[in-house]
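Please read the structure below before turning to the comments.
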Amino acid sequence: ARWGTHEDIAPYIDPVFQNNVILTKTESLTMNSRPKDPKTARNKNVLVIGGSGSGKTRFWLKPNLMQMHSSYVVTDPKGTILVECGKMLQRGAPKLGKDGKPMKDKHGKVIYEPYRIKVLNTINFKKSMHYNPFAYARHEVA
């Protein structure tokens with residue numbers, strides 16, 4: 706056994722920085738579900754575990770939210786992430802054309818694809834979106 710090197714992870718990194726999940730300062734994982742070499746295809750789910758004050762939000766979550774390349778489910782027990790990142794996600798990422806450049810409307814303004822943010826607050830239901838999972842049930846389970 707040995708520590709991995711940059712050469713070991715290089716096949717798993719997309720050359721375009723924005724197309725990666727940031728894992729560390731120097732390592733990332735491509736979001737491309739069909740990389741050139743099928744052997745480098747990986748699951749894109751990530752679980753971040755760390756003690757209080759270890760930097761889970763500041764050094765992992767926020768940089769990846771800023772990438773805005775995925776759907777996200779975020780547990781926010783303090784309620785700070787929504788306050789700090791909500792407006793950015795509501796505006797969304799620029800909509801990209803086939804050439805990879807941001808699309809513009811007829812007035813020359815960049816078109817954005819906003820995120821739909823849903824909040825389930827189990828402490829204060831008045832601040833929650835009142836999500837009812839039973840409204841989506843179509844068949845009775847036997």
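The sequence shown begins at 706 in the working numbering and counts up one residue at a time.
Built from N, CA and C at the ideal position, the CB exists for glycine as well.
If you measure between the beta carbons of Arg796 and Tyr817, is that distance less than 9 Å? Arg796 places its beta carbon less than 9 Å from that of Tyr817.
Is Pro716 helix, strand or coil by DSSP? In this structure, DSSP gives Pro716 a helical state, which the three-state scheme calls helix.
On the three-pair Cβ rule with 8 Å, is the stretch 785–795 touching the stretch 758–767? Under the Cβ criterion (8 Å, minimum of three pairs), the stretch 785–795 counts as touching the stretch 758–767.
Extent of the continuous alpha helix (DSSP H) run through Thr731: Premise fails: Thr731 is in no alpha helix (DSSP H) and is neither H nor E.
Give the DSSP bridge partners of Glu818, in chain order. DSSP output for Glu818 lists Ala798 as bridge partner(s).
Check this for me: beta carbons of Thr745 and Tyr717, under 9 Å apart or not? Cβ atoms of Thr745 and Tyr717: closer than 9 Å.
Between which two residues does the alpha helix (DSSP H) harbouring Pro768 extend? Judged by DSSP secondary structure, Pro768 falls within the alpha helix (DSSP H) whose first and last residues are Lys767 to Gln772.
Apart from the five residues on each side of it in sequence, which residues of its chain come closer than 7 Å, Cβ to Cβ, to Gly756? Cβ within range, chain order: n/a, list empty.
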